[in-house]
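Chains as they are written, first to last, in my numbering: chain A, 30 to 389; chain B, 430 to 1128; chain C, 23 to 210. The structure appears below as structure tokens.
Here is the structure:
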């Protein structure tokens, strides 16, 4: 019996300690997460092994013999056992929470400063040594992340880039993301980097990541934000320092026009009431699918939404169906690929209901 | 001795007598049903035209057609007079009429004050509220209180007592009737909830097949969540508590029978509204309904959920008042707290949580509703509000809620296991105390759902500590159950098999929750399928498996007949394998990094096989439920007669007949010792009068 | 069939008291969530409060409600050893005082410069005072019902638990008002 217990629990523990369960580690934070997860699953494996083995054993060998209607020996308690199985888990969980706190501190630590370069977290224990790979930067790289439905936009304040739709970061360099949202709750997450952080309107939480592997990844929105949530992604490239500098130069010189990934959606709410639009300026990135959620609140009055190249309204970009209020309708169209200032209006009231349609 | 249901023999006689006319009237009924359905569909189309919508909308037209057809069928086969004599039918019809009237009144008022006559949110919401109000008045649940309030003389039995199946469609104050009403209502919504998810799982095997329009997927899973939690789990557990708490403590009924009836009748409209939400455009926010998305979400489906959950929550608060008062004030003489079955401990812990925490989700939902309807600004930063406020209020209820959803199941395990082990529960006192310990501990862990949410970073650490601490009393229970089986004389009958699966599934759930409680790990696992796998293991182990075990265990007591063991064992195998097939791949998907609540994924990620496995698992669970339904229907008429105590158990409900008499106990027993003291020489749980009851001596 | 000890009038009265006490716990939690909302927004939103509603009328209202508590207390005492007329008068007085409270509250609401949809402060203000007013309304209805029952001789010195719990409810509503008044008008 004891042998079976040892084999089963030991086997499960070994399995969880050695197999790479979370794929593609790509950051220093991931090493912390992966290692601790191994410990947790190993402990879980031991507990699971013990309980399931005993239960299975009981079900197999402590069955009543056919025809035996008598009761079993009524062991209804054992203070020592009960105390043990209360105290030991208590101690274990306290230790686990202390470790968890320690790891959290390591992950969130500001740079330069304490922690990560001086210890290595290996199999649940902090040992002195170099965290590999070491962070080669002298200071953090701040990047602003703005989430809106359904686009990620990045800005590099220290490099003077104010709008990029691909996230490019240098490897082995600590990055601090300041995350904001313009409409609903989103969540900034790159699976290979580990932790995520919600983007909350009205708040600016930060997330610190040290990418350690070059490659192509993706930001995935991790908080349900509407119909475009599934595809709210942005490409990520982790590159060498030189490539990063080149990219920064490129962006700054406006030789490249930033544009969001193909197929991105942008959703905008627009209302018409009292013979006027509730917004005079609509801004969208170039080349995205724009969805206008149009609410005509004027009873009995027809309105629509139409975009033209200029106030002369000769060349049309999109003309939406006219609806009589009160009614709602959704218009979908592709924003022009050429950035610039365009013009939108209501075709029924072309002189009084107008606005600017800006494509960045 | 009077029984709750008519004897099967009497039913058979009446149906045999009309067998001749049976066929003809059946065909006629179906014809009338079809005509009724067409009429209903036609009227819906006309109404839609009148409202300015396109005349055909698949959902509304078909649903109304089916409902009117069904109603026509019932009128034809039962007779309109009989049908209308049922409180529930009258109530429902009046409710629908009231809703329509409310919507019209609102439109007219809006037009009169210069607003556009139709705006989906306010008109539909007020329609819902007037509908529910008219429904309650017409049901008759409020009549007694009205009489009390106006000081009118109390009228005793004003009509002859109803017997048979009709009792369950009327307002009845007997706790056993109400218990069955709750239980069956919950079970009726269960297949619908499972079906919703089956559609979702099938879609996820190959999202590009187009089984579902992609925008519908999130609505379907969100509705699945709300439906299962508030319209299946809550009523099913309320049903079990209502039926068995009085029996287990030696009382004749609950403390407030009329309040009990009222709180049940809030449940059907709650369920209806949750289902109707799908027809009103669904809600794309997840069951958690975070603003700003839920506050600005266009479709009125959101409002249906907000009102529906309000009703279900109100019902659970009233049930809590009832059960707590019953247990505190109406126990049999000799039943001290440490002689109560663990099921009672779980019940009071559960309803205590309901009582205290439900108002928080009520307020959170009300605030979202008021943002939607009235433009209030609780969660709107540009108006001075705070987005995270909702999450704090919401999770302050919703975390204790998950204990509400599992504690009773765990209590069931603690009370069924000893019967089939022929041993007392190991460590009874520890297990009993673990219930309030988990309940109290569970009040201070709620923010572990918000580790990535953007709350102050330091605040996450205390919640991590408390979350891990609450695992300890839960572990005590699991270890106690394991020890109970050691050196036992196990009887491998269906209730025990389900208990066994429940324990293992629940253990998986608990162990997979530990990583979620550690902040840095949660920051990876949050909003991935790991969470989905974790809580499904908890729900399967703590709710579904235990409830099925309870059905097999208590069906003989409620109906007087035994369920088929053969079907039971097959069902057990099917469902256990199915549940593991559902849960384990989800845990895998989560580790791989698949986000939850998305309707598509890249094939390159190799997730397809895992999704297919979960779909197969879900199908097996559904098949198991179908088998259960068949078992119940078959055994009600033809199962072997059960007798008073077929399992040889030692709790109070087995001292009375199966089914129990109307007043439960001829004479209230006197409790002498703990329940389940099998094998302890001379121990008797209770006795009646001066003679020893044969509690513990077998048939 | 032996009558259970639970069928006695004393046991029924005890159950009613327990049930109402539990109900009040739940209602206290409801107001707890609203107070939590107020203090949370107050702590985190700059420029709070956005408006300064005048405290004079609410202070007067406090006295009205306290007077109502007084008459409710009189009712609870009278039912044990007083006259029926005095009891019904006390109940009616309580109801009238409650109605007065509501009238003043409505007047006050109408004359505020802000509305529930003006900003978050407005939303919380009206929700907190609104739910309290709703409970006062419930109290008025309850008092009128008890009055009707007293007048029709349904209440006696032996069957008076309903008066006790009605009075308890009124004190609860009063206590909540003290907290609301302090939070919204004094602490700001």
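Ideal Cβ positions, reconstructed from N, Cα and C, are used throughout, including at glycine.
Residue-level contact by beta carbon fails for residue 1088(B) and chain C, as no gap is shorter than 8 Å.
Excluding sequence positions up to five before and after residue 694(B), its CB lies within less than 6 Å of the CB of 568, 570, all in the same chain and listed in chain order.
For residue 227(A), the enclosing beta strand (DSSP E) has its first and last residue at 225-228.
The C-beta of residue 354(A) comes closer than 8 Å to at least one C-beta of chain B. Counting of Cβ neighbours within 10 angstroms places residue 81(C) among the exposed residues, the total staying below 16.
If you draw a straight line from the Cα of residue 261(A) to the Cα of residue 181(A), it comes to about 8 Å. Residue contact check for residue 897(B) against chain A: a CB pair falls below 8 Å. Taking the Cα positions, residue 718(B) is about 21 Å away from residue 642(B).
Annotation: the continuous beta strand (DSSP E) that includes residue 218(A) extends over 215-218. Going by DSSP, residue 910(B) is part of no beta strand (DSSP E) but of the alpha helix (DSSP H) stretching over 900-914. Scanning chain B for C-beta atoms nearer than 8 Å to the C-beta of residue 139(C) yields 803, 804, 805, 806, reported in chain order. Here DSSP, grouped into helix, strand and coil, assigns residue 671(B) to helix.
Selection 134(C), 161(C), 86(C) evaluated against residue 191(C) yields 161(C) as nearest (Cα-Cα). The three-state reading of DSSP puts residue 328(A) in strand, counting E and B together. Counting only residues of its own chain and dropping the five nearest sequence neighbours on each side, residue 826(B) has a CB closer than 7 Å to the CB of 786, 787, 789, 790. The three-state reading of DSSP puts residue 942(B) in helix, counting H, G and I together. In this chain, residue 221(A) is not harboured by any beta strand (DSSP E), its DSSP state being neither H nor E. Non-local beta-carbon contacts of residue 970(B) in its own chain, meaning distances under 6 Å to residues more than five positions away in sequence, involve 931, 934, 935, 938 in chain order. In chain order, 351, 353, 377 place their CB closer than 6 Å to the CB of residue 331(A), counting only its own chain and leaving out the 5 sequence neighbours on each side.
Collapsing the DSSP output to three states places residue 294(A) in a strand. Residues of the stretch 776-792 of chain B with a Cβ closer than 8 Å to any Cβ of chain C, in chain order: 784, 785, 786, 787, 788, 789, 791, 792. Residue 887(B): not part of any alpha helix (DSSP H); DSSP gives it neither H nor E. Residue contact check for residue 103(C) against chain B: no CB pair falls below 8 Å. Annotation for residue 382(A): no beta strand (DSSP E) segment contains it, and DSSP assigns it neither H nor E.
Chain B has a Cβ within less than 8 Å of the Cβ of residue 326(A). One Cα belongs to residue 777(B), the other to residue 697(B), and the distance between them is close to 24 Å. At least one C-beta of chain C is nearer than 8 Å to the C-beta of residue 813(B).
Under the rule that a run must span 4 or more residues, no alpha helix (DSSP H) segment is found entirely inside the stretch 1061-1103 of chain B. Put simply, the backbone Cα of residue 992(B) is about 14 Å away from that of residue 976(B). DSSP, read as helix, strand or coil, puts residue 180(A) in strand.
In this chain, the beta strand (DSSP E) harbouring residue 363(A) covers 356-363. The beta-carbon of residue 74(C) is placed no less than 8 Å from the nearest beta-carbon of chain B. Cβ atoms of residue 249(A) and residue 1024(B) come within 8 Å of each other, at about 6 Å. Residues 895, 898, 899, 902 of the same chain have their beta carbon placed closer than 8 Å to that of residue 870(B), with the five preceding and five following residues left out of the count. Your pair residue 132(A) and residue 61(A) checks out as a contact, with CB atoms roughly 5 Å apart and the cut at 8 Å.
Secondary structure in the stretch 153-182 of chain C: no beta strand (DSSP E) run of 3 residues or longer lies completely within the stretch.
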